[in-house]
Amino acid sequence: MDNRISHPTMPFGLFNRFMLLALCAVIIWMPIPLGSNRIWALAILEFVIITLAVAHVAYCFKHDALLLRHEWQKKLLLPIVLMQAYLCMQLFNWIPLIDTVDPYQTAQQLLKTFCYALFILLVSQYCQQAKALRWLLIAIIISGCLQAFYGTLLNLLQLEVSPIFGYHDGDRARGSFVYQNHFANYLALCLSIAFGWLLSELKTTKKEFDLRGMLIDLLSTLFSRKLILRLAIVIMIIGLILSRSRMGNAGFFTSLGAVSLLSMFIYRRPATLFKPLVVSIFILDLLIVGSIFGVEKVKQRLNDTSFASETRDEVVIDSLPIIQEHLFTGTGGGSFYTVFPQYQPQFYSGFYDHAHNEYIQFVLEYGLVMTLILGLWVLYSFWLACRTMYLRHNKLYKGVAFGCAMAIVHMLLHVSVDFHLQSPSNTLLFLTILTLCWLVRYLPADTAQTKSALNPF
Numbered sequence: 001m002d003n004r005i006s007h008p009t010m011p012f013g014l015f016n017r018f019m020l021l022a023l024c025a026v027i028i029w030m031p032i033p034l035g036s037n038r039i040w041a042l043a044i045l046e047f048v049i050i051t052l053a054v055a056h057v058a059y060c061f062k063h064d065a066l067l068l069r070h071e072w073q074k075k076l077l078l079p080i081v082l083m084q085a086y087l088c089m090q091l092f093n094w095i096p097l098i099d100t101v102d103p104y105q106t107a108q109q110l111l112k113t114f115c116y117a118l119f120i121l122l123v124s125q126y127c128q129q130a131k132a133l134r135w136l137l138i139a140i141i142i143s144g145c146l147q148a149f150y151g152t153l154l155n156l157l158q159l160e161v162s163p164i165f166g167y168h169d170g171d172r173a174r175g176s177f178v179y180q181n182h183f184a185n186y187l188a189l190c191l192s193i194a195f196g197w198l199l200s201e202l203k204t205t206k207k208e209f210d211l212r213g214m215l216i217d218l219l220s221t222l223f224s225r226k227l228i229l230r231l232a233i234v235i236m237i238i239g240l241i242l243s244r245s246r247m248g249n250a251g252f253f254t255s256l257g258a259v260s261l262l263s264m265f266i267y268r269r270p271a272t273l274f275k276p277l278v279v280s281i282f283i284l285d286l287l288i289v290g291s292i293f294g295v296e297k298v299k300q301r302l303n304d305t306s307f308a309s310e311t312r313d314e315v316v317i318d319s320l321p322i323i324q325e326h327l328f329t330g331t332g333g334g335s336f337y338t339v340f341p342q343y344q345p346q347f348y349s350g351f352y353d354h355a356h357n358e359y360i361q362f363v364l365e366y367g368l369v370m371t372l373i374l375g376l377w378v379l380y381s382f383w384l385a386c387r388t389m390y391l392r393h394n395k396l397y398k399g400v401a402f403g404c405a406m407a408i409v410h411m412l413l414h415v416s417v418d419f420h421l422q423s424p425s426n427t428l429l430f431l432t433i434l435t436l437c438w439l440v441r442y443l444p445a446d447t448a449q450t451k452s453a454l455n456p457f
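For the sequence shown, the UniProt record's numbering gives the first residue as 1, with consecutive numbering after it.
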C-alpha cells in the first residue's frame, strides 16, 4: 500500500456526530420531495447544505481547525471548483466569447454547483472514520429502500394518483420522483452500494467442507447484517423492475456483471462466496423475483423499442449543430431549453427540455474542455476504486470500492439515454459515491482501538 494513506487528526466528537447525522438525514430526505427537482424542494436542500457548511466554517474558526484536513480533499474538489469558475466566466462574460444565452439559468446552475461542492466537502470531512462511513452507507440504503417500498406499494395498489403529491403513476413505479427513470437510476446507485457492502461481509478465508461449521455460518448469517443487506437488495430490485426502465434495469445488471468480471482480475483474495452471490442476484432476483413482479414487461419494452418511434435520437442529432458552433465554450450552464428550440427543425411527439443524453448536454452547455475535465474526474474516481480493490486489505473499504465502481459504470451507461445529472437528488448521490471512491482509497486502516466501535447498530 502506498504511503499516501491519510491519518485522522480530529477525534470523533459531538459536533462531528451532529454533522454526520445531518448529512445522513440530507441523503434520506433529498429524493422525498419529488427528487428535489422542483424550485421549492431544491431551495430547501440548498438552504440545509449551506447552513451545514456555515456551521462547519464557524466550528473550524472557533477551534482553529483546518477547513480541509488532507491534501487529497483539495484534489477531489478541484474539478467542481473549476466548473464553478467556468460558470462565473459564462455568467459575467469576463473573457470574450465565453458567455451564456440564459443568464438566469446559468446563475441557478452556479448556485446548485456551489451547493454540490459544499456537500462533497462536508462528506469528505466528516466521514473519515470507518464508523462514520458505515453510517453514510446505512443512510444510502435506507433512502433506497424507502423509495423502493413506496414506489412498489403505490404500483401494486394501482392508485389513480400518488397520495402525497398527487402525481399520476400509471403502470410504472416512480417512488416520490416525478420521472420513473430518475427513480430507477437512484435505486441502481443505492443497489450498487448495498451490494458492495454485502460483499465486504463475506469471508475471504477458504476452508474444507464442514457440515457443522456450515450450519453455524448459516445461523450466524440469519442474525447478521448480511441478511438485512440481502433483503434490502431484494426490495430495491423489486422497485427497479417495477419502474419498467429499460436502461435502468439493463444498466444495473450490466454494471454488476462487468465489475464482477473485472474484480476477479483485481482482487488478490476474492470472497469465497463472491461468485455464488453474483449468480444469486441474476437467478434469484432477476429471474424468480422478476417473474413475480413483471420483468417480462421490461423485456417487452426493450423488444418494442424502435428507432422509428423514439425521438430522443433526433434530439441528439439536432443538437449537433449547436455543439459545432459552441464546441469549446458552450452556450451556458442550464441553457439547453433556451437555445435548442432555435435549432429544432420540427416538433417532436414528446417534450424535451433536456437532451436525454448528458454527454451531449454537457458539451452543448459547458463546452468540450470543461466536459472532458469532469469526465476525467469521474474516470479517475473509478480508477481509485479499482486501486482500492487491489491494494487495500480492509474488507469494508474494498467492498465499498466495488459498489462505487458499479455505480459509476451504471451511471456512465444510463446518462447516455437520459438526463439523470439534472436531478439534484441523483446528482448529489452520485457525487457522494465519487467522494466515497476517494475516502476508501485514503482512509487509514483500522487500529485495534477503533475496531471495537465500528458497529453502528
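Every residue, glycine too, gets a C-beta built ideally from N, C-alpha and C.
Treat the numbers as computed from the prediction; the structure is a model and nothing was measured.
Taking 6 angstroms as the limit between beta carbons, can you name the residues of its chain near residue i, skipping five residues before and five after?
i	result
D2	With a pLDDT of only 46 at D2, under 50, the local geometry of the prediction cannot be trusted, and the value read off the model is given with reservation. Around D2: no qualifying Cβ.
I360	V316 and S319
F362	T371
P33	A41
G367	F328, T329 and G330
I408	F382
S6	Caution is warranted here: a pLDDT of 49 is assigned to S6, below 50, making its placement in the model unreliable, and the coordinate value is therefore given only provisionally. Here the set comprises H70 and Y442.
G35	F177, H182, S423 and S425
Could you pull the start and end residues of the alpha helix (DSSP H) that residue i belongs to?
i	result
T338	F336 to V339
W135	A130 to L157
M264	R246 to I266
T388	E358 to L391
N185	Q180 to S200
T329	Premise fails: T329 is in no alpha helix (DSSP H) and is neither H nor E.
W94	Unbroken run through W94: none, as it is neither H nor E.
K398	K395 to H414
Q108	P103 to Y126
R17	L14 to W29
Y442	P424 to Y442
T51	I39 to K62
K275	F274 to S280
R225	R225 to L242
Using 9 angstroms as the threshold, is the C-beta distance between residue i and residue j below it?
i	j	result
V26	L67	no
T435	L76	yes
E358	D418	yes
S425	M30	yes
Y186	S423	yes
A58	M19	no
M406	I266	no
F282	G248	no
residue 460	L136	Past the boundaries of the shown model lies residue 460; the chain is included only from 1 to 457, so the question cannot be answered.
L157	L273	no
S124	A188	no
C190	L21	no
P321	Y343	yes
Might you give, ordered along the chain, the residues of its own chain that have their beta carbon closer than 8 angstroms to the beta carbon of residue i, omitting 5 neighbours on each side?
i	result
I49	V26, C115, L118, F119 and L122
P345	D318
F457	Its pLDDT being 39, under 50, F457 is placed unreliably in this model, and the coordinates cannot settle the point.
Kindly list the residues whose CB is nearer than 7 angstroms to the CB of residue i, restricted to its own chain and excluding five residues on each side of it in sequence; keep chain order.
i	result
F307	Low per-residue confidence applies at F307: pLDDT is 47, beneath 50, and the placement is therefore not dependable enough to give any value.
L384	C437, W438 and R441
L91	T100, P103, T106, A107 and L110
Q449	Because the pLDDT of Q449 is 38, which lies under 50, any placement of that residue in the model is unreliable, and the number read from its coordinates should be weighed accordingly. If we look at Q449 and ignore the five residues flanking it on each side, it has no Cβ neighbours.
C386	I266 and A405
L87	T106, Q109, L110, T113 and G333
I80	T113, Y116, A117 and I120
V259	F402, A405, M406 and V409
H354	F336, Q361, F419 and Q422
Counting only beta-carbon atoms, is residue i nearer than 9 angstroms to chain D?
i	result
D171	You won't find chain D in this structure, because it holds only one protein chain.
Is residue i close to the ligand ZN? I mean its beta-carbon at under 8 angstroms from any heavy atom of the ligand.
i	result
F119	Inclusion of the ligand ZN in the displayed structure is not the case, the ligand content being empty and no account of it being possible.
Worksheet item: Should the stretch 180-199 be called in touch with the stretch 387-404, which here means at least 3 C-beta pairs below 8 angstroms?
Response: yes
Worksheet item: Can at least three beta-carbon pairs, one atom from the stretch 58-65 and one from the stretch 318-338, be found at a separation below 8 angstroms?
Response: no
Discussion item. Across the stretch 123-143 and the stretch 375-390, are there enough close Cβ pairs to call them in contact, namely three or more that are closer than 8 angstroms?
Written reply: no
Discussion item. I want to know whether the stretch 167-182 touches the stretch 236-243 - three or more CB-CB distances under 8 angstroms.
Written reply: yes
Discussion item. Across the stretch 402-415 and the stretch 97-107, are there enough close Cβ pairs to call them in contact, namely three or more that are closer than 8 angstroms?
Written reply: no
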